[in-house]
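Inspection log for the structure reproduced underneath, given as structure tokens.
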Amino acid sequence: MMSSLLEVENLRKVYQFREGLFKRREVEAVKPVSFSLNAGETMALVGENGSGKSTLAKMLAGVEKPTSGRILVNEEELHHGDYLTRCKLIRMIFQDANTSLNPRVQVGRILEGPLKRNTEMTPHARENRVKQILRRVGLLPEHAYFYPQMLATGQKQRVSLARALILQPSIIVADEALNGLDMSMRAQMINLLLELQDEMGLAYVYVSQHMGIIKHVTDKVLVMKQGEVVEQGATEDIFANPQHALTQKLIDSHFNAQTLDRHARTGAGAQRQ
1035 MMSSLLEVEN LRKVYQFREG LFKRREVEAV KPVSFSLNAG ETMALVGENG SGKSTLAKML
1095 AGVEKPTSGR ILVNEEELHH GDYLTRCKLI RMIFQDANTS LNPRVQVGRI LEGPLKRNTE
1155 MTPHARENRV KQILRRVGLL PEHAYFYPQM LATGQKQRVS LARALILQPS IIVADEALNG
1215 LDMSMRAQMI NLLLELQDEM GLAYVYVSQH MGIIKHVTDK VLVMKQGEVV EQGATEDIFA
1275 NPQHALTQKL IDSHFNAQTL DRHARTGAGA QRQ
């Protein structure tokens, strides 16, 4: 039996806060979570604000240190702080490209940075890789000489995707990465992500509250509430027969809102006629 690409075992995060001189308070942001993900699969982390889904995503990417538990990729355990190993396996796309890209650094240098730190590629090879990855995400090689503030929102998110792909990882963690895009740009990015997944066998961990996107592009769903996983399973099963009240609420709120919006547009069109 083949093992999964990504195995998460009882991953947990506790924050400690000082209250007064001698007292400390603990907040369990993520209660023990376990799941697996195969190459070419997409898992959605969903939940209301403060549910712990972004904290879980950051632990997977190495941004946050787990309090306990294990993360394994290809049966090899990843250790917090071992960025040389982790960044070649798991990369993250953040929600806001405006804050995650340094406005004072050219795009080419942003993309070249991970190659300089984590490979022994020659400057010429790094330059070729940067141009190649820019083309692959739908940009031009000339964009390497642009600064992020010279780019449109959708182009910035493509640069963020290029930075995530530059080391050819196995897993991409996307934390609300499509939120700032309009409907047309969002559709383009989704199609690009799916193409890359087919081409490279990438696994995605996608953090979002957009149940419409989740329904159509993910294979598995993990629903979180106050740091705890309250439901998980195949996307088709979750949407067909949600077991937890929060899951039902998230599904209903999205699709009911879509129905109301469609009716409102239809009514407005009828009035204009």
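Position 123 (the sequence shown) corresponds to 1157 in our numbering; numbering is contiguous.
Note that beta-carbon positions come from the ideal geometry of N, C-alpha and C, so glycine has one too.
On a predicted model such as this, the values are computed, not experimentally measured, just so you know.
Check                                                                                                                                                                                            : Outcome
Beta-carbon separation of Glu1265 and Gln1277 under 7 Å?                                                                                                                                         : yes
Straight-line CA distance for Met1073 to Gly1054?                                                                                                                                                : The sequence given here has Ala at residue 1073, not Met. Whole-angstrom Cα-Cα distance: 48 Å.
Under DSSP, the alpha helix (DSSP H) around Ser1088 begins and ends at which residues?                                                                                                           : 1087 to 1095
Work out the CA separation of Asn1225 and Val1251 for me, nearest whole Å.                                                                                                                       : 10 Å
Just how far apart, CA to CA, sit Phe1069 and Val1042?                                                                                                                                           : 5 Å
With a floor of 3 residues, list each beta strand (DSSP E) that falls wholly inside the segment 1140 to 1221, ordered by position along the chain.                                               : 1205 to 1209
Can you confirm whether the segment 1199 to 1208 touches the segment 1145 to 1159 when touching is taken to mean that 3 or more C-beta pairs between the two stretches lie within less than 8 Å? : yes
Spatial neighbours of Asn1213 within its chain, please: C-beta separation below 7 Å, excluding the five flanking residues on both sides.                                                         : Gln1129
Three Cβ pairs or more, each shorter than 8 Å: is that satisfied between the segment 1169 to 1182 and the segment 1106 to 1125?                                                                  : no
Do you know whose CA, among Ala1221, Ala1211, Gln1231, Ser1218, lies nearest Leu1079's CA?                                                                                                       : Ala1211
Is Ala1186 buried or exposed, if buried means 16 or more other CB atoms sit within 10 Å of its CB?                                                                                               : exposed
Put Phe1069 into one of helix, strand or coil per three-state DSSP.                                                                                                                              : strand
Would you call the segment 1057 to 1064 and the segment 1228 to 1240 touching, i.e. three or more CB-CB distances under 8 Å?                                                                     : no
Gly1054 bridges to which residues according to DSSP?                                                                                                                                             : The partner list for Gly1054 (beta bridge, DSSP) is empty, contrary to what the question assumes.
The alpha helix (DSSP H) that contains Lys1249, what's its start and end?                                                                                                                        : 1245 to 1251
What does the Cβ neighbour count give for Gly1096, buried or exposed, with the cut at 16 atoms within 10 Å?                                                                                      : buried
Shortest alpha-carbon distance to Lys1259 belongs to which of Ala1208, Ser1204, Thr1281?                                                                                                         : Thr1281
Go to Leu1106, then tell me how far its alpha helix (DSSP H) extends in each direction, as first and last residue.                                                                               : Looking at the DSSP string, Leu1106 is not in any alpha helix (DSSP H); the run it does join, the beta strand (DSSP E), is 1102 to 1107.
Looking at the structure shown, is Gln1277 part of a helix, part of a strand, or coil, going by DSSP?                                                                                            : coil
Could you give the distance in angstroms between the alpha-carbon of Leu1094 and the alpha-carbon of Met1217?                                                                                    : 28 Å
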